[in-house]
Structure formats: C-alpha cells, structure tokens
Amino acid sequence: MPFAEAADGVAIHYELHGSGAPLVLLSGQSNDHHWWDPVRADFAARFTTVVMDHRGTGRSERPDTDTYSTPGFARDVLAVLDHAGIGRAHVYGTSMGGRVAQWLAADFPERVERLVLGCTSPGGPHGVERGPEVRKALTQADPDAVRRALLELMYTPGWLAEQERARPGREFHTLGDPTMPGYARRRHLRASARHDAWDALPRIKAPTLVVHGTDDAFNPTANASLLAGRIPDARTLLVPGARHAYFEEFADVATEPVLAFLAQSPEP
C-alpha cells in the first residue's frame with residue numbers, strides 16, 4: 001500500500017494495477033479509489049492503472065485544514081505520479097475527479113498524455129448547476145431518503161431494481177466513503193462547489209474526450225458541450241439513457257470507446 005507525500009506533507013494513498021501505459025483514474029467527491037472497482041479490471045487489462053484516495057478519504061490522511069480544492073487535489077495527483085516514478089500518463093476523471101483532471105491537464109500539460117472527462121463540469125458561473133429539486137432531495141433530514149435519492153441520480157430505476165433482486169444489500173461504491181468524518185465531507189463539498197476552470201480550459205493541450213450520460217440530472221448533461229466547446233479539439237461521447245454513474249451501469253457502452261480513444265497513437 002504505497003503512500004505519496006503531498007506538497008504540504010499529507011500522505012496520499014494509491015494503488016497500481018495492470019500493465020502497459022499508465023492511466024490515472026480519478027474518483028468523485030467524497031469517494032475513495034473503490035469508486036472504480038466495478039470497472040477497474042477492464043482498464044487494468046490494457047493499462048497500468050493508478051487509483052488513489054483523495055485527501056480526506058480512504059487510507060489517505062484527513063487534515064481538518066483549508067487545503068481542499070480541485071487545483072490542490074491535482075497537485076496531490078502529481079505527488080502520486082512522482083512517487084510512482086511516472087512522468088506522463090493518461091488521465092480519466094469522473095465527476096469531481098473530472099474537475100481535478102481539468103486542472104491537472106491545464107496546469108501541468110507535460111504530465112498528461114490523453115484526457116477523458118466524465119460526467120463533470122467547468123464549474124463557476126459558466127457551469128450548468130443541478131436543479132432545485134435535486135438539491136432538495138439531497139438535503140432531506142432522513143438519511144435513508146437521501147441515500148435513495150442519490151442512488152436514483154446515479155443509476156436508472158430498472159438497473160437498480162435488477163441489482164437489488166440479484167444482490168440484496170450490495171454495496172454501491174459511488175455513494176461516498178462511509179468512513180469519512182463530517183468535516184472532510186464538508187471540505188470536499190466546498191472544494192467541488194468552488195471549482196471554476198473556465199479560463200484554464202483553453203490551455204489544455206492533451207487530446208480530450210468528454211463523456212456524459214444523456215439523463216444525468218446530478219451533473220446536467222449540458223456541461224459536456226460546454227467543456228467540449230472550450231477545450232481545443234475536444235470530442236464528445238454521450239451515453240443514451242445513462243445517469244451520473246454511466247461508467248458503471250453502462251460500462252458495456254462506455255468503456256470500449258474510452259479504451260479505444262486512450263489507445264490511439266500520440267498526436268503529431
């Protein structure tokens with residue numbers, strides 16, 4: 001279980017799996033590396049995958065300090081790459097991980113080979129925010145109701161029903177790290193909410209693929225076209241019928257195009 005030391009001394013846990021060119025997989029807000037468990041093997045079959053626990057999650061340290069931000073999380077990724085001896089890598093970030101990946105590609109272009117941004121947003125005044133009905137559902141007093149609302153934002157009802165029949169009580173790795181202290185959750189929420197990479201996006205030089213579910217209300221689908229229009233020569237892949245966790249439920253549709261994009265020869 002290797003740990004990298006971030007610039008401010010915080011220990012960041014990461015794991016390497018597979019073989020081939022390095023691919024960093026970045027998880028969503030308040031989630032650890034288990035976010036990728038359902039599909040990681042598909043990527044590790046072709047790449048050396050790097051998964052990590054954002055500060056505040058998993059086995060990484062959880063400082064109760066004002067050191068949580070999407071640009072800061074990007075610097076934590078750099079610390080992991082340096083510790084692992086990786087100079088340049090593909091990067092696939094989803095949700096808040098996609099926000100982190102934007103900063104990594106914009107501020108450290110020499111470290112990013114190809115970039116995939118999934119179910120994410122440029123943030124700030126240009127980003128399309130979730131609707132009031134979603135915010136209301138996620139701030140209910142009943143934690144079971146909030147969990148159910150989050151599940152239905154992540155997955156389609158039919159797929160959820162099938163999972164509940166086939167695997168009663170199964171764990172969903174997209175609902176947040178249950179071991180996180182409250183202060184770390186609040187700091188993650190604040191970091192994601194303050195993200196605004198609009199002015200930085202044109203600096204991204206890596207070939208970029210933007211992926212989004214067409215039925216994503218958690219992070220509205222309109223953000224995909226905003227990102228693709230702002231990042232030079234970016235491409236878009238929309239997954240029909242998918243909600244926020246398209247990469248898991250619709251893996252049979254989304255994974256192969258991402259793998260094909262990452263496997264393309266370097267741009268001349």
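In full-length UniProt numbering, the protein residues as written are 1 to 268.
Where a beta carbon is used, it is the ideal one built from N, C-alpha and C, also for glycine.
For the beta strand (DSSP E) that contains residue i, what are its first and last residues?
{"i": "G93", "result": "89-94"}
{"i": "V51", "result": "48-52"}
{"i": "A74", "result": "Per DSSP, A74 belongs to no beta strand (DSSP E); it is in the alpha helix (DSSP H), 70-84."}
{"i": "A4", "result": "3-5"}
Using only CA atoms, which one of the options lies nearest to residue i?
{"i": "P71", "options": "L201, A260, H195", "result": "H195"}
{"i": "W198", "options": "A79, E15, V211, P122", "result": "P122"}
{"i": "T176", "options": "R186, P168, V253", "result": "It is Gly, not Thr, that sits at residue 176 in the sequence shown. Checking every option, the nearest Cα to that of G176 belongs to R186."}
{"i": "G213", "options": "L237, S192, G20", "result": "L237"}
{"i": "A106", "options": "D252, A44, A260, P232", "result": "P232"}
{"i": "Y246", "options": "T67, G28, A101", "result": "G28"}
{"i": "L209", "options": "V239, H188, K136", "result": "V239"}
{"i": "residue 319", "options": "T179, R203, A228", "result": "Outside the displayed range of the chain (1 to 268) lies residue 319, so it cannot be described from this structure."}
Kindly indicate which three-state DSSP category residue i falls into: helix, strand or coil?
{"i": "F43", "result": "helix"}
{"i": "H17", "result": "strand"}
{"i": "D196", "result": "strand"}
{"i": "E61", "result": "coil"}
{"i": "G118", "result": "strand"}
{"i": "V128", "result": "coil"}
{"i": "G123", "result": "strand"}
{"i": "V112", "result": "strand"}
Just curious, the alpha helix (DSSP H) that residue i is in, first and last residue?
{"i": "R23", "result": "Looking at the sequence itself, residue 23 is Leu, so the reference to Arg does not match. Where L23 is concerned, there is no enclosing alpha helix (DSSP H), although the beta strand (DSSP E) it sits in stretches over 22-26."}
{"i": "M154", "result": "143-154"}
{"i": "residue 297", "result": "Coverage of the chain is limited to positions 1 through 268, which leaves residue 297 absent and any answer about it impossible."}
{"i": "E164", "result": "157-166"}
So, for residue i: in the same chain, excluding its five sequence neighbours on each side, which residues have a beta-carbon less than 8 Å away from its beta-carbon?
{"i": "E171", "result": "none"}
{"i": "R130", "result": "A217, F218, N219, P220"}
{"i": "F108", "result": "A74, L78"}
{"i": "R40", "result": "H17, L25, T49, V51"}
{"i": "V128", "result": "S121, P220, A222, N223, L226"}
{"i": "C264", "result": "First, the amino acid is wrong: residue 264 is Gln here, not Cys. Excluding positions up to five away in sequence, the list reads R114, P207."}
Can you name, in chain order, every residue of its own chain whose Cβ lies under 6 Å from the Cβ of residue i, other than the five neighbours on each side?
{"i": "W159", "result": "E249"}
{"i": "A84", "result": "none"}
{"i": "L262", "result": "H90, R114"}
{"i": "R230", "result": "L201"}
{"i": "G20", "result": "R46, F47, T48"}
{"i": "V258", "result": "V116"}
{"i": "D42", "result": "T255"}
Can you give me the Cβ contacts of residue i inside the same chain, cut-off strictly under 7 Å, excluding the 5 residues immediately before and after it?
{"i": "residue 290", "result": "Outside the displayed span of the chain (1 to 268) sits residue 290, for which this structure offers no information."}
{"i": "Q163", "result": "R170"}
{"i": "L81", "result": "A89, R111"}
{"i": "D215", "result": "G241, A242, R243"}
{"i": "H13", "result": "M1, F3, M52, D53, G58, R59, S60"}
With hydrogens ignored, establish whether the beta-carbon of residue i is closer than 8 Å to any heavy atom of the ligand SAM.
{"i": "D196", "result": "Ligands in the displayed structure: none, and consequently the ligand SAM is not present."}
Runs of 3 residues minimum, wholly inside the region 201-248: which ones carry the beta strand (DSSP E) assignment?
208-213, 235-239
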